[in-house]
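Participant: Here's a structure for you.
In my numbering, the protein residues as written are 168 to 377.
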């Protein structure tokens with residue numbers, strides 16, 4: 168057990184103190200005061216040694232508890248440091264959720280516009296202004312949602328990095344792992360650029376995407 172604890176870095180618990188037995192009460196001859204005094208003096212000395220042994224064991228246990236508390240503090244600091252990574256990944260998942268919603272709006276808007284544009288080209292309908300405006304509105308809503316999600320994500324990530332840096336400098340957490348580049352943010356920026364190109368192509372009737 169001691170080897171496994173030492174391997175894990177935890178402090179080793181002191182061995183159980185069986186201790187010496189309590190000295191027995193001496194039997195003295197009351198007719199010999201000097202001998203009785205000497206016997207009781209030896210008895211008190213034995214009791215004092217026994218108490219000293221117990222006190223040393225209590226000191227060892229107290230030091231063990233102190234070391235164990237430091238070990239728990241170290242583990243807590245590492246868990247807190249890892250919680251920043253979990254929070255960062257949670258922010259990425261939130262941005263991906265916003266991307267899915269924005270992509271749905273952008274896709275519906277673009278599809279509605281293209282569908283009615285093809286129907287006008289085929290001569291099925293004459294006026295496509297209302298469907299076109301509706302499609303553009305959905306596109307704009309999707310772009311606004313995506314842009315807002317990107318701004319919120321960048322602000323939150325910046326605040327998270329700054330707070331992590333401050334807590335690391337104060338010695339409150341361990342920051343062994345670094346914050347990687349958010350691939351989700353890169354894809355969101357690319358999607359935003361595509362959506363803007365689609366809106367400009369619809370509004371100004373130009374083929375930005377070929």
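Idealized CB from N, CA, C, for every residue including glycine.
1. Just checking my contact of residue 272 with residue 316 at CB under 8 Å: how many whole Å lie between their CB atoms?
2. Is it buried or exposed, residue 258, if we count other Cβ atoms within 10 angstroms and call 16 or more buried?
3. Can you tell which of 336, 264, 219 has the C-alpha that lies nearest to the C-alpha of residue 352?
4. Do residue 366 and residue 306 have their CB atoms nearer than 7 Å?
5. Can you tell me which of the three DSSP states residue 173 falls into?
6. Using 8 Å as the cut-off, can you tell me whether the segment 284-292 makes contact with the segment 312-332, which would need three or more C-beta pairs spanning the two stretches below that distance?
7. For residue 355 and residue 342, I'd like the C-alpha separation in whole angstroms.
8. Can the beta-carbon of residue 280 be found less than 7 Å from the beta-carbon of residue 369?
9. Taking the CB atoms as reference points, tell me whether residue 331 and residue 251 lie closer together than 7 Å.
10. Taking Cβ positions, are residue 248 and residue 348 nearer each other than 7 Å?
11. Rounded to the nearest angstrom, how far is the Cβ of residue 358 from that of residue 244, given a contact under 8 Å?
12. Going by CA-CA distance only, name the one from 335, 372, 218, 328 that's closest to residue 346.
Facilitator: Based on what the coordinates show:
1. Taking the chain shown and counting its residues from 1, the one referred to as residue 272 is at position 105. Taking the chain shown and counting its residues from 1, the one referred to as residue 316 is at position 149. Taking the Cβ atoms as the reference, residue 272 lies roughly 12 Å from residue 316, outside the contact range of under 8 Å.
2. Translated into positions along the chain shown, residue 258 becomes position 91. Buried: at least 16 other Cβ atoms inside 10 Å.
3. Sequence index remark: in the chain shown, residue 352 carries index 185 (1-based). Ranking the options by Cα distance to residue 352, first place goes to 264.
4. Residue numbering aside, residue 366 sits at position 199 when the chain shown is read from its first letter. Residue numbering aside, residue 306 sits at position 139 when the chain shown is read from its first letter. By the CB criterion at 7 Å, residue 366 and residue 306 fall inside the cutoff.
5. The sequence position of residue 173 within the chain shown is 6, counting from 1. Because residue 173 carries a pLDDT of 42, less than 50, the predicted location of this residue cannot be relied on, and no value is offered for it.
6. Taking a cut-off of 8 Å for Cβ pairs, the segment 284-292 and the segment 312-332 do not touch, as fewer than three such pairs fall below it.
7. As a working note, residue 355 is residue 188 in the chain shown. As a working note, residue 342 is residue 175 in the chain shown. Straight-line measurement puts the Cα of residue 342 at about 27 Å from the Cα of residue 355.
8. Taking the first residue of the chain shown as position 1, residue 280 is located at position 113. Taking the first residue of the chain shown as position 1, residue 369 is located at position 202. Taking a C-beta distance under 7 Å as the contact criterion, residue 280 and residue 369 qualify as a contact pair.
9. Translated into the one-based positions of the chain shown, residue 331 becomes position 164. Translated into the one-based positions of the chain shown, residue 251 becomes position 84. Cβ distance < 7 Å, so residue 331 and residue 251 count as in contact.
10. Counted from its first residue, the chain shown places residue 248 at position 81. Counted from its first residue, the chain shown places residue 348 at position 181. In this structure, residue 348 does not lie closer than 7 Å to residue 248 by Cβ.
11. Sequence index remark: in the chain shown, residue 358 carries index 191 (1-based). Sequence index remark: in the chain shown, residue 244 carries index 77 (1-based). No, residue 358 and residue 244 are not in contact; Cβ-Cβ is about 38 Å, not under 8 Å.
12. Translated into the one-based positions of the chain shown, residue 346 becomes position 179. Residue 328 is the option with its Cα nearest to residue 346.
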